[in-house]
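Report on the structure given below.
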Amino acid sequence: MVSWKDIYLVLEATVPLYVAMILAYLSIKWWKLFTPEQCSGINKFVAKFSIPLLSFQVISTTNPYDMNIKLIYSDILQKSLALLGFAAVSKACCAEKFDWMITGFSLSTLPNTLIVGIPLLKGMYGDQAVKLLSQIVVLQSLIWYTLLLFLFELRAAKGMDATPLSETVEAESGTRGPTQQRYEEVRAKGVSARCSCAFRFFMVVSKKLGMNPNMYACLIGLIWALISFRWHIQLPLIVNNSIRILSDGGLGMAMFSLGVNYIGKTKLHMQKNQLCYFNF
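Numbering (the numbering used here), first residue to last: 82 to 361.
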């Protein structure tokens, strides 16, 4: 049975986060303390510094040699089944297949693990839950958000499909009944165009991944964790404290940024791959 003490511990961990969000809302809606340009600066600071450094801190302190294999397998299985299930339902029932698949997959499997999940589970189950949840953060950062970006770009590329082959043949031949030779020539051009489109698609995905500072933070954090826990090396104290000062404010800044954007007066000056930090 859940006791009042357990409820208080949960509230103790989560209420401060929402206080920051409410203060941001009041600061913009009623007190008019920030201009749209200042709000944009807050959003950029959160996306470029606070959340990447918070991700680095969580991942770099997670022992990759002591991962819970059952947890990893169950997480991969759960997300894979959810993705396949939403893909099947979207294909059968929805006109905008990719929109519903991406939305359903995001809402059901990619919660606010980093921002809200860790404080919440720490209040409910203690430090052991934080250790397990940190492993989920590693998988989400390196695998599932990359897959989500891939799906976003695939949806965008759907509107850029090549003209159907039969229409292309008729347009280039000028007749309704093209010859077999002409058909083969146009078909070869269509295959070449599709290959070129696929190459450009992967280049766009790679470029956007390269522009996401959180991706670099996760990779560097994982590499450092492998080195640190293998040879028992620690970061210099001056470096560790510098990261901690910025990352400790990451939770509050992220919630404050959410409150700012609830107003609707400002717009996030980030690509959709950078918006993923809200779902950690």
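C-beta: ideal position from N, C-alpha, C; glycine also.
Straight across, the Cα-Cα distance linking Leu158 with Cys175 is about 24 Å. Our two residues, Gln221 and Leu195, have alpha carbons roughly 10 Å apart in a direct line. A residue is called buried once 16 or more other Cβ atoms fall within 10 Å of its Cβ, and Cys278, having fewer, is exposed. For Ile153, the enclosing alpha helix (DSSP H) begins and ends at Ile150 to Cys174. Annotation for Trp312: the continuous alpha helix (DSSP H) segment containing it runs Pro294 to Trp312. For the pair Thr143 and Ser215, the CB atoms are nearer than the 7 Å cut-off.
With a cutoff of 7 Å on beta-carbon distance, Gly302 and Ser141 are scored as near each other. Here the alpha carbons of Pro192 and Leu230 stand approximately 16 Å from one another. In the three-state DSSP reduction, Val83 falls in the coil class, being neither helix nor strand. In the three-state DSSP reduction, Gln315 falls in the coil class, being neither helix nor strand.
Assigned with DSSP and collapsed to three states, Glu118 falls in helix. In this structure, the straight-line span from the alpha carbon of Leu228 to that of Val139 is close to 21 Å.
Residue range Tyr226 to Lys239 is occupied by the alpha helix (DSSP H) that includes Thr227.
For Thr194, the secondary structure class from DSSP, reduced to helix, strand or coil, is helix. Between the segment 171 to 187 and the segment 196 to 210 there are fewer than three C-beta pairs closer than 8 Å, too few to call the two in contact.
Going by beta carbons, Leu98 and Ser328 fall outside the 7 Å limit. Beta-carbon to beta-carbon, Phe126 and Ala298 are separated by about 14 Å, too far to satisfy the 8 Å threshold. 7 Å or more divides the Cβ of Leu339 from the Cβ of Met148. For Ser141, the enclosing alpha helix (DSSP H) begins and ends at Ile132 to Ser141.
Put simply, the backbone Cα of Ile224 is about 26 Å away from that of Leu316. Closest in alpha carbon position to Ile308, among Gly122, Val91 and Pro145, is Pro145.
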